[in-house]
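Beneath this line is the structure, given in structure tokens, with notes to follow.
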Ligand SMILES: [Zn+2]
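Residue numbers (the UniProt record's numbering): 1 to 143.
Written out as structure tokens, the structure is:
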């Protein structure tokens, strides 16, 4: 057994030629990368895809294929789209929370502008949580 074979040639039980298309992207010390890619796309399809690309794009393509194959194995229905959808939902939730917080701040600032004597009593209204909770509490006394 040749220890210098790339992970692809080792998995396919073949000799690894010096110009092997897989060797820069599937090193022998990370065999699982090729196993996933081979299982999802097939070795010959991956070889064809890499050969069609310019040299400077092959590393990114191989990395993308590895990630997509791993996510497709983890989630056979949605693959990496499942993760993308989850992250997009988290972004939407964070944006909603941010808009709600900004609206609360704007409301509190307008309240402070309408009642400048109350604002002077408690100091300048700032954006930190301590001031927001104080103003909520103070508002109940003022009606
Ligand atoms: Zn090889």
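Beta carbons are placed, not taken as given, at the ideal position from N, Cα and C, and that holds for glycine.
Residue i and residue j closer than 7 Å at C-beta
i          : j          : result
residue 37 : residue 65 : yes
residue 69 : residue 25 : no
residue 7  : residue 28 : yes
residue 21 : residue 47 : yes
Buried versus exposed, by CB contacts within 10 Å (16 or more), residue i
i           : result
residue 5   : buried
residue 34  : buried
residue 92  : exposed
residue 142 : With a pLDDT of 40 at residue 142, under the threshold of 50, the predicted position of this residue should be treated as unreliable, though the coordinate-derived value follows. Per the 10 Å Cβ criterion, exposed.
residue 53  : exposed
Contact belief for residue i with residue j at Cβ below 8 Å, rounded distance in angstroms
i          : j          : result
residue 72 : residue 40 : 5 Å
residue 56 : residue 31 : Actually they do not touch by this definition, with Cβ atoms about 26 Å apart.
Near ligand 2: residue i beta-carbon under 6 Å from a heavy atom
i           : result
residue 105 : Ligand 2 is not part of this structure, which contains only ligand 1.
Residues with C-beta closer than 7 Å to any heavy atom of ligand 1, in chain order: Going along the chain, the residues that qualify are 5, 6, 8, 9, 16, 17, 20, 22 and 23.
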